[in-house]
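Going from the sequence shown to our numbering is simple: count from 1 and add 29.
Right, one structure below, let's go through it.
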Amino acid sequence: MGEEKENAEEKMVEISLKDLSRKLEEFARARDWEKYHSPRNLLLAMVGEVGELSEIFQWRGEVDKGLPNWEESDKEHLGEELSDVLLYLIRLSDICGIDLGVAATKKLVKNAIKYPAN
Ligand SMILES: Nc1ccn([C@H]2C[C@H](O)[C@@H](COP(=O)(O)OP(=O)(O)OP(=O)(O)O)O2)c(=O)n1
30 MGEEKENAEE
40 KMVEISLKDL
50 SRKLEEFARA
60 RDWEKYHSPR
70 NLLLAMVGEV
80 GELSEIFQWR
90 GEVDKGLPNW
100 EESDKEHLGE
110 ELSDVLLYLI
120 RLSDICGIDL
130 GVAATKKLVK
140 NAIKYPAN
């Protein structure tokens, strides 16, 4: 029973790049913000968010995997900034007519050929 609940919760947070892309499109349309979502504007917005993401790590020195000594509020902030970068990246790809899921999958194949495991 406990395991079933855990699986259900995992399913709830499973969301595809396409789902996110659709949600971003709706978000922009509902606010009449499509006119602002040009490739260049989205790229600059994404780079700005990468800057905000970097600020979280700035001056902390090396950070252990899993961020064991971080405050929950800092982890939450990190999740938000990672999300902003991801959301702008997805929106940028969509506006450029690139299917990011397909492109990234193809790139993984290319990487594996370029860097064989043995
Ligand atoms: N024209 C816009 C403005 C915002 N967003 C969405 C995408 C990002 O996920 C988020 C960015 O919002 P903010 O510009 O308010 O940035 P922050 O959330 O980082 O706020 P702050 O810069 O105050 O920390 O909102 C968007 O799609 N299109």
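Heads up, the beta-carbon is just placed ideally off N, CA and C, and yes, glycines get one too.
If I'm right that residue i touches residue j with Cβ under 8 Å, what's the distance once you round it to whole angstroms?
i: Leu116; j: Leu49; result: 7 Å
i: Leu53; j: Arg120; result: 5 Å
i: Ala15; j: His66; result: With the chain covering only 30 through 147, there is no way to say anything about residue 15.
i: Glu110; j: Ile127; result: About 23 Å separates the two Cβ atoms, so there is no contact after all.
i: Val42; j: Glu78; result: Incorrect: roughly 21 Å between the Cβ atoms, too far for contact.
So what does DSSP say about residue i, is it helix, strand or coil?
i: Pro68; result: helix
i: Met30; result: Note that Met30 scores a pLDDT of 43, beneath 50, so its modelled location is shaky; the value from the coordinates is reported in the next line. Coil, per DSSP.
i: Ile85; result: helix
i: Ser45; result: coil
i: Asn98; result: coil
i: Glu91; result: coil
i: Asn147; result: coil
i: Gly108; result: helix
i: Arg58; result: helix
i: Asp113; result: helix
i: Gly77; result: helix
i: Gly126; result: coil
Of the choices the options, whose alpha-carbon is the least far from that of residue i?
i: Ile44; options: Ser83, Asn140, Gly130; result: Gly130
i: Asp123; options: Ile142, Pro145, Asn140, Leu71; result: Leu71
i: Ser112; options: Pro68, Leu82, Val138; result: Leu82
i: Val76; options: Gly90, Ala141, Leu118, Ala146; result: Leu118
Please return the same chain residues whose Cβ sits closer than 6 Å to the Cβ of residue i, not counting the five positions on each side in sequence.
i: Pro68; result: Ile124, Cys125
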